[in-house]
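In our numbering, the protein residues as written are 3 to 259.
Worksheet: one structure, shown below.
Structural data, given as structure tokens:
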């Protein structure tokens, strides 16, 4: 994207080179790009949406949430939860990236667009975990979001049940780039695993996966991971489990930021 400011005789360039697709790359269909091409790094929130275990609880509508900051002054804006099933007794998990730190949240707004067959929905609760603060919050609902049920609302304000708040080990978001060598047969169809060591400990074993066809010859793959404070890194371990004839892989380099 190029923007020309004619009045001030300035040109702003925003190189991107990323997919906007649910089934490619990291699955994002919206991106914040800084001048010069650096993608803004936000705060990741893990959002779990629980559909109730009652008859007709599921929905085909498009679900959205708004996360509100602790003082209620800042919020995430409307975030559409793409790719969820929202079926009876199911928990749908989403990783939501927001430019600002809102945790702990004061409330959550959840609703839907009331479109499609079986648009009504019974939401049991929403659970939000922010790895950056280590705070997990539960927002009970236990009501219909349905024009033909109860009070007819299709959007609700949910407030935390403070007694269920949990604190976990804080984690920070990292961008991880993996370069596969540009030589014949360098790519792999195997699942790649990653672990990093620091002078304060080691990370969990992580499976590197996104929505793209990863680890092809000459390709660079980007992943978003979350790491606790491990101190100064001194070693990483990266491996695959040889479970198919094309598991061999030639790795060029790894970079984290």
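Using N, Cα and C, we set each Cβ at its ideal position, and we do this for glycine too.
Please read all numbers here as calculations on a predicted model, not as lab measurements.
Segment limits, beta strand (DSSP E) that includes residue i
i, result
"residue 1", "Nothing about residue 1 can be read from this structure; the chain reaches only from 3 to 259."
"residue 15", "12-15"
"residue 142", "137-147"
"residue 114", "109-114"
"residue 161", "Careful: residue 161 lies outside any beta strand (DSSP E) and carries neither H nor E."
"residue 210", "208-210"
"residue 197", "194-200"
Chain-order list of residues whose beta-carbon lies under 7 Å from that of residue i (same chain, five-residue window excluded)
i, result
"residue 239", "197"
"residue 194", "210, 217, 240, 242"
"residue 227", "176, 178, 208"
"residue 151", "122"
"residue 254", "181, 182, 183"
Distance CB(residue i)-CB(residue j) smaller than 9 Å
i, j, result
"residue 129", "residue 49", "yes"
"residue 46", "residue 247", "no"
"residue 141", "residue 119", "no"
"residue 258", "residue 146", "no"
"residue 16", "residue 35", "yes"
"residue 116", "residue 149", "yes"
"residue 102", "residue 64", "no"
"residue 185", "residue 252", "yes"
"residue 81", "residue 69", "yes"
"residue 144", "residue 126", "yes"
"residue 54", "residue 124", "yes"
"residue 14", "residue 8", "no"
"residue 20", "residue 11", "no"
Spatial neighbours of residue i in its chain, beta-carbon cut-off 6 Å, leaving aside the 5 residues before and after
i, result
"residue 230", "171, 173"
"residue 84", "24"
"residue 167", "139"
"residue 221", "182"
"residue 106", "72, 137"
"residue 232", "200, 202, 203"
Residue(s) in a DSSP beta bridge with residue i
i, result
"residue 50", "95, 129"
"residue 6", "13"
"residue 235", "200"
"residue 178", "225, 258"
"residue 57", "In the DSSP output, where bridge partners are listed per residue, residue 57 has none listed."
"residue 168", "138"
Whole-number beta carbon distance between residue j and residue i, since they are thought to touch under 8 Å
i, j, result
"residue 249", "residue 191", "7 Å"
"residue 51", "residue 94", "5 Å"
"residue 90", "residue 113", "Actually they do not touch by this definition, with Cβ atoms about 19 Å apart."
"residue 37", "residue 18", "So it is not a contact: roughly 12 Å between Cβ atoms."
Cβ shell of residue i (< 8 Å), same chain only, five flanking positions each side left out
i, result
"residue 86", "51, 65, 94, 96"
"residue 236", "199, 200, 201"
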